[in-house]
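Chemist: Okay, here's the structure, questions in a sec.
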Amino acid sequence: MEIYHLERDWKALCITAESFPEGVLPAHQKLHSIIPFSDDRKYFGISRPIQDGTIIYKAGAELLSEDKYEQASLESFIIKAGTYISITIQNYMEDIPAIGKAFEKLLSDPRIDPQGACIEWYLNNKKVQCMIRLDAKYSQFL
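Listed below in structure tokens is the structure:
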């Protein structure tokens, strides 16, 4: 595991998947039909369980200051600044289950923020950084 310090909040525009994991790819496809791919923008997968254990998944793209997208059709989500534990996966498209395995490992850490989310930060078309924010009371020691 690696430590990653996010210095400021990241604002994202999102599409919620209709189901998990089946709806993940369609959510990303719908997002990219509204916000075309750009090397200047960060892209995310954001997930967290709800009370019944169901996973809510959102495909997200960083909101840039010059964006003029119709936000009424998109949700917003704030990826909070703080200290994250992370695992980077190379060639993730060749092993999609590696993302789930990475989050299983990260979720076993007792220091994670119980109000946090699992963040997939797509660094490029081959590499994804799987991240979970640590509870602030542990961040000061890292």
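Note that the sequence shown ends on residue 832 in my numbering; no numbers are left out. Built from N, CA and C at the ideal position, the CB exists for glycine as well.
1. Which runs of the alpha helix (DSSP H), 4 residues or longer, sit entirely within the region 713-774?
2. Determine the direct distance from the alpha carbon of residue 828 to that of residue 765, and round the result to whole angstroms.
3. Given this structure, state the Cα-to-Cα distance separating residue 707 from residue 693, to the nearest angstrom.
4. Taking Cβ to Cβ, would you say residue 733 is nearer than 7 Å to residue 751?
5. Which one of 818, 696, 747 has the shortest CA to CA distance from residue 785?
6. Kindly identify the DSSP beta-bridge partner or partners of residue 692.
7. Please state if the CB of residue 821 and the CB of residue 802 are separated by a distance shorter than 7 Å.
8. Return yes when the Cβ of residue 702 is within less than 7 Å of the Cβ of residue 767, no when it is not.
9. Consult DSSP for residue 810 and reduce its assignment to one of helix, strand or coil.
10. According to DSSP, what are the bridge partners of residue 822?
Modeler: In this structure, then:
1. Counting only runs that start and end inside the region 713-774, the alpha helix (DSSP H) elements of at least 4 residues fall at 714-724.
2. By 1-based counting over the sequence shown, the position of residue 765 is 75. By 1-based counting over the sequence shown, the position of residue 828 is 138. Residue 828 has its alpha-carbon roughly 30 Å from the corresponding atom of residue 765.
3. As a working note, residue 707 is residue 17 in the sequence shown. As a working note, residue 693 is residue 3 in the sequence shown. So the alpha carbons of these two residues sit roughly 28 Å apart.
4. Residue mapping note: residue 733 aligns to position 43 of the sequence shown, counting from 1. Residue mapping note: residue 751 aligns to position 61 of the sequence shown, counting from 1. The answer is yes: Cβ separation under 7 Å.
5. The count along the sequence shown starts at 1 and reaches residue 785 at position 95. Answer by Cα proximity: 818.
6. One-based indexing of the sequence shown puts residue 692 at position 2. For residue 692, DSSP records a beta bridge to 776.
7. Walking along the sequence shown from the start, residue 802 turns up at place 112. Walking along the sequence shown from the start, residue 821 turns up at place 131. 7 Å or more divides the Cβ of residue 802 from the Cβ of residue 821.
8. Against the sequence shown, residue 767 aligns to sequence position 77. Against the sequence shown, residue 702 aligns to sequence position 12. A contact, by the Cβ cut-off of 7 Å.
9. Here residue 810 refers to the residue found at position 120 of the sequence shown. DSSP places residue 810 in strand when its eight states are reduced to three.
10. In the sequence shown, the residue the question calls residue 822 occupies position 132. In DSSP, residue 822 forms a bridge with 775, 808.
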